[in-house]
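Asker: Mind looking over this structure? Questions follow.
Here's what the structure looks like:
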């Protein structure tokens with residue numbers, strides 16, 4: 161059993177889970193949603209094993225040293241997918257709103273299919289700057305935060321769809337319609353808020369550990385590298401979200417749009433900076 165095979169199996173599980181969530185919305189059969197969730201759990205278990213196997217395989221690289229599988233774009237993408245499913249399932253344990261899976265699991269599936277089909281999965285020895293435990297602390301905290309923002313984005317899309325339809329139908333959701341399976345607008349707004357409350361301190365820790373790692377590797381805590389600058393932009397967007405929530409009572413449509421904008425900025429911080437701009441984080445390309 162290799163890590164590549166396990167990653168492929170996890171991708172298949174997420175694909176099947178995503179399809180079943182869509183079938184659930186179309187058929188309104190509760191058992192379909194339960195099966196979709198079980199497949200997400202199974203995918204997460206296999207995915208976890210794959211990450212462990214890849215870590216073990218890094219010790220077998222000639223002339224290399226073992227390291228956590230978080231050092232290049234391929235490894236970061238598959239880890240991002242893992243964190244998305246993890247955060248989704250943790251939130252599902254509290255809210256039990258299975259329709260949310262149809263808007264969150266696709267993020268993980270798209271990440272996995274891109275990694276498997278479009279990225280180089282070879283294991284290479286770490287460059288000196290990456291040979292630090294700060295790499296593990298920094299990447300884990302950042303991506304857990306990113307994953308929480310992905311969940312917030314998914315439920316925000318659901319909120320906008322639901323509230324838009326209700327406004328067109330004078331506040332009433334047609335009985336038996338797809339939107340009847342959506343959580344209430346209040347619950348969607350609450351999940352959005354709670355997800356960002358999870359993600360924001362994790363992102364903050366990611367920035368702090370990144371600064372500590374930068375000082376270890378390059379002798380400076382902050383150098384206004386494009387990645388650092390965009391991380392700060394993302395931090396300010398979500399800080400503004402929480403500030404507006406606490407002081408202005410921002411809920412509903414405004415909060416949903418800001419959550420979506422925040423996740424778009426997060427994706428650019430993660431992928432756009434690494435693939436388009438040059439800087440100290442060019443390892444991702």
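Residue numbers (the numbering used here): 161 to 445. Note that CB positions come from ideal geometry on N, CA and C, so glycine has one too. Nothing here was measured: the structure is a model prediction, and the numbers come from that model.
#1: Taking the straight line between their C-alpha atoms, what separation do you get for residue 495 and residue 403?
#2: Assuming residue 180 and residue 199 are in contact, meaning their beta carbons sit under 8 Å apart, how far apart are those beta carbons, in whole angstroms?
#3: Considering only residues of the stretch 270-348, which uninterrupted alpha helix (DSSP H) runs meet the minimum length of 4 residues and lie entirely inside it, listed in chain order?
#4: Assign residue 187 to one of two classes, buried (16 or more other C-beta atoms within 10 Å of its C-beta) or exposed (fewer than that).
#5: Is the separation between the beta-carbon of residue 247 and that of residue 229 shorter than 8 Å?
#6: Near residue 183, what residues of its chain come up, given a Cβ to Cβ distance below 6 Å and the 5 sequence neighbours on each side ignored?
#7: State whether the stretch 367-375 contacts the stretch 297-306, with contact taken as three or more CB pairs (one from each stretch) at a distance under 8 Å.
#8: What's the call for residue 220, buried or exposed, on a 16-neighbour Cβ count within 10 Å?
#9: Relative to the C-alpha of residue 426, which residue among 410, 406, 387 is closest?
#10: Taking a contact to mean a Cβ-Cβ separation below 8 Å, would you say residue 172 touches residue 260 in this structure?
#11: Count the other CB atoms, across all protein chains shown, that sit within 10 Å of the CB of residue 251; report buried if there are 16 or more and exposed otherwise.
#12: Given a cut-off of 8 Å, decide if residue 347 and residue 201 are closer than it, judged by their beta-carbon atoms.
#13: Going by DSSP in three states, residue 431 sits in which element: helix, strand or coil?
#14: If you reduce the DSSP assignment to three classes, tell me which class residue 411 lands in.
#15: Going by beta-carbon coordinates alone, are residue 406 and residue 356 separated by less than 8 Å?
#16: Anyone know if the C-beta pair for residue 167 and residue 238 falls short of 8 Å?
#17: Rounding to the nearest angstrom, what Cα-Cα distance links residue 245 and residue 207 in this structure?
Answerer: Reading it off the structure:
#1: Look at the range of the chain in this structure, 161 to 445, and you will see that residue 495 is not part of it.
#2: Position 20 of the chain shown holds residue 180. Position 39 of the chain shown holds residue 199. So it is a contact: roughly 7 Å between Cβ atoms.
#3: For the stretch 270-348, the continuous alpha helix (DSSP H) assignments of 4+ residues that do not extend past its boundaries occur at 293-328, in sequence order.
#4: By 1-based counting over the chain shown, the position of residue 187 is 27. Taking all protein chains shown into account, residue 187 has fewer than 16 neighbouring C-beta atoms within 10 Å of its C-beta and is therefore exposed.
#5: For the purposes of this step, residue 247 is taken as residue 87 along the chain shown, with counting starting at 1. For the purposes of this step, residue 229 is taken as residue 69 along the chain shown, with counting starting at 1. No, the pair does not count as a contact, with Cβ atoms beyond the cut-off.
#6: Position 23 of the chain shown holds residue 183. The residues are 192.
#7: Enough Cβ pairs lie closer than 8 Å, so yes.
#8: What you label residue 220 is simply residue 60 of the chain shown in a count that begins at 1. Around the beta carbon of residue 220, fewer than 16 other beta carbons sit within 10 angstroms, so the residue counts as exposed.
#9: The residue given as residue 426 occupies position 266 in the chain shown. Nearest C-alpha to residue 426: 387.
#10: The residue given as residue 172 occupies position 12 in the chain shown. The residue given as residue 260 occupies position 100 in the chain shown. The answer is no: Cβ separation not under 8 Å.
#11: Taking the first residue of the chain shown as position 1, residue 251 is located at position 91. Flag for residue 251 reads buried.
#12: Within the chain shown, residue 201 is the residue found at index 41, counting from 1. Within the chain shown, residue 347 is the residue found at index 187, counting from 1. Judged by beta-carbon spacing, residue 347 lies beyond the 8 Å limit of residue 201, meaning their Cβ atoms are not closer than that value.
#13: Translated into the one-based positions of the chain shown, residue 431 becomes position 271. In the structure shown, residue 431 sits in a helix (DSSP, three-state: H, G or I).
#14: Within the chain shown, numbered from 1, the residue matching residue 411 stands at position 251. Reduced to three states, the DSSP call for residue 411 is coil.
#15: By one-based count along the chain shown, residue 406 stands at place 246. By one-based count along the chain shown, residue 356 stands at place 196. Cβ distance not < 8 Å, so residue 406 and residue 356 don't count as in contact.
#16: Counted from its first residue, the chain shown places residue 167 at position 7. Counted from its first residue, the chain shown places residue 238 at position 78. Yes, they are a contact pair.
#17: Locating residue 245 in the chain shown gives position 85, where the first residue counts as 1. Locating residue 207 in the chain shown gives position 47, where the first residue counts as 1. If I take the Cα positions, the gap works out to 10 Å.
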